[in-house]
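Structure first, commentary second.
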Ligand SMILES: [Zn+2]
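Residue numbers (my numbering): 615 to 1182.
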């Protein structure tokens, strides 16, 4: 009897307790989309199920939800769905999701961890604002965009890995993430939006990829731990107040391609910054740009135009000891001189490159030689860079030239080659070199065979007149092939010449052919001769040249090398 009672009692107890443990009681439920339903149980678990999109969040009165389960089939998290669920600690999301709606987890201040499943392409604005305990968020490789303000005020977030699939991150996204220590942008980002890291007071480093072309205003405002910035050269535009009060920043490397402007207050209050180089294209340093940079010691302004400097740009830069500006930057020079920096101002010298004189022709002008600074592009008429000129000094066109008054430089003797000979000519008129084909044309005569050749210059329109010059074409020289000794005689043999009328042989007791005697041999076909009447046992030097007779005048070749032989 007792045993039966005990069994009945135990069974009764199980029946009462079981639903409480295994099947918590549903306390509210409904629809939150055309094909999506929700239930809330008494354990504070909100479960969303169905196939399709959530279009409402009708559970707003239950803001003590502890756990959210979204079942597979649901495609989005609706805007503001779980806003101010301050007791929420656990979230399970399905891979059917594509969108995390705006402000959906806003102020879920107990949430420490969340995984966004693969398949989600967009996290919309403010989705995780003020999730003050959020330490870990895992983002999927399908994610393309992160809306504005998404992680603002996530004060426990020390690090976050953004996949390279992300192409845009909205403004203020990490504002006041006061635990964030380092940040690496995904590599395809082209724009860093306004106030992205405003107030991230523990942020030490930020890596900006080399596709970024603009960085928005106040981006690093009050990032008081930021160590420095290394800006890629892809950046062309900066917003204002970018590094305002980056108290720890010691170095800043700016993009070479920042167009025109360093905006106002860019480095205002960067009291650890020690040196700065403002690249070439920056020609306006706006007001307050370096206001209160009390450790700033050296400034280099590379712009070589006339960079303008705004009001208070360097105010309270009490450590400033060196300002270097480029040679042509006279506006900056004046500004620094007038504002009490004359003593520490250094001006880079010009880097001069010579441009050669360009000769004028009869129809077009030339230019005198001049020097150009490769840095500031200013022109000078002298190699020292003293006489500045606005443009190269023009030599006017020659106008009509009477070629008969031109000078032809002396034409050296030429040697017969079997082909026509056209030596290079230097023709000048009043010291200016004339150009063949433009100023005059050339005609050659008798310029192949040995003899006197003629060149005639004729002025080309509008030039007039003619000028002739002559030059000699000498026969080709020959060589001695042997020299044999005889008794008081020598026999010389040589190589037969062509296009000649004969040979002349010289012999002498001296190697310089002083008091030499000669033998003339007419006819090209003779190839040897005997030199008689010499002294015995004496060394004679012998050489040969050819000649050609034209119009009764002999044209001789160069002498051959000499041979020497002792007579018997
Ligand atoms: Zn210069």
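Beta carbons: idealized from backbone N, C-alpha and C, even for Gly.
Presumed contact (8 Å Cβ cut-off) between residue i and residue j, rounded CB distance
i, j, result
"residue 818", "residue 852", "About 21 Å; that fails the 8 Å criterion."
"residue 927", "residue 950", "Between residue 950 and residue 927 the Cβ distance is about 10 Å, and since that is not below 8 Å, they are no contact."
"residue 940", "residue 915", "7 Å"
"residue 683", "residue 718", "15 Å between Cβ atoms; not a contact."
"residue 1153", "residue 1171", "Between residue 1171 and residue 1153 the Cβ distance is about 25 Å, and since that is not below 8 Å, they are no contact."
"residue 713", "residue 688", "Going by Cβ atoms, the distance from residue 713 to residue 688 rounds to 11 Å, so no, they are not a contact pair."
"residue 815", "residue 837", "7 Å"
"residue 1097", "residue 1181", "Not a contact, Cβ separation roughly 11 Å."
"residue 933", "residue 962", "Actually they do not touch by this definition, with Cβ atoms about 22 Å apart."
Per-residue DSSP class, three states only, for residue i
i, result
"residue 1120", "strand"
"residue 1223", "There is simply no residue 1223 to check, as the chain begins at 615 and stops at 1182 in what is shown."
"residue 872", "coil"
"residue 627", "Only weak support exists for where residue 627 lies, its pLDDT of 46 falling under 50; the value from the coordinates is given anyway. In the structure shown, residue 627 sits in a helix (DSSP, three-state: H, G or I)."
"residue 907", "coil"
"residue 899", "strand"
"residue 1067", "strand"
"residue 1016", "strand"
"residue 1106", "strand"
"residue 958", "helix"
"residue 853", "coil"
"residue 1163", "strand"
"residue 991", "coil"
"residue 1073", "strand"
"residue 589", "Absent from the model: residue 589. The displayed extent of the chain is 615 to 1182, so no value can be given."
"residue 727", "strand"
"residue 697", "coil"
"residue 1008", "strand"
"residue 780", "coil"
"residue 966", "strand"
Start and end residues, beta strand (DSSP E) containing residue i
i, result
"residue 944", "Here residue 944 belongs to no beta strand (DSSP E); instead the alpha helix (DSSP H) covers 944-952."
"residue 1099", "1094-1100"
"residue 680", "Premise fails: residue 680 is in no beta strand (DSSP E) and is neither H nor E."
"residue 673", "Per DSSP, residue 673 belongs to no beta strand (DSSP E) and is neither H nor E."
"residue 866", "865-867"
"residue 664", "659-664"
"residue 798", "796-798"
"residue 655", "650-655"
"residue 996", "Element bounds for residue 996: n/a, residue is neither H nor E."
"residue 1114", "From DSSP, residue 1114 is part of no beta strand (DSSP E); its letter is neither H nor E."
"residue 1057", "1054-1059"
"residue 642", "640-647"
"residue 819", "819-821"
"residue 844", "842-844"
"residue 705", "704-706"
"residue 1177", "1177-1180"
"residue 914", "912-915"
"residue 1043", "1041-1043"
Cβ-Cβ distance between residue i and residue j below 9 Å
i, j, result
"residue 694", "residue 671", "yes"
"residue 1035", "residue 1028", "yes"
"residue 849", "residue 822", "yes"
"residue 1135", "residue 1116", "yes"
"residue 1052", "residue 1068", "no"
"residue 772", "residue 747", "no"
"residue 663", "residue 652", "yes"
"residue 1046", "residue 980", "yes"
"residue 1030", "residue 1003", "no"
"residue 917", "residue 892", "yes"
Sequence-distant residues of the same chain with beta carbon closer than 7 Å to residue i, five excluded per side
i, result
"residue 842", "863, 864, 865 and 866"
"residue 919", "897, 942 and 943"
"residue 1169", "1064, 1065, 1086, 1088, 1089, 1161 and 1162"
"residue 907", "881, 884, 885, 887 and 931"
"residue 1050", "1056"
"residue 756", "732, 733, 734, 735 and 779"
Cβ shell of residue i (< 6 Å), same chain only, five flanking positions each side left out
i, result
"residue 800", "776, 778 and 780"
"residue 1093", "1109 and 1174"
"residue 1176", "1155 and 1157"
"residue 938", "914 and 960"
"residue 645", "651"
"residue 1043", "1015 and 1020"
"residue 692", "668, 671 and 715"
"residue 828", "805 and 851"
"residue 730", "753 and 754"
"residue 993", "984, 986 and 1003"
Close beta carbons around residue i, own chain, < 8 Å, minus the five adjacent residues each side
i, result
"residue 1131", "1120, 1121 and 1122"
"residue 635", "At residue 635, the pLDDT of 44 sits below 50, so the modelled position is not reliable; the number obtained from the coordinates is stated separately. So no residue of the chain qualifies."
"residue 1080", "1017, 1018, 1070, 1071, 1072 and 1073"
"residue 874", "895, 896, 897 and 898"
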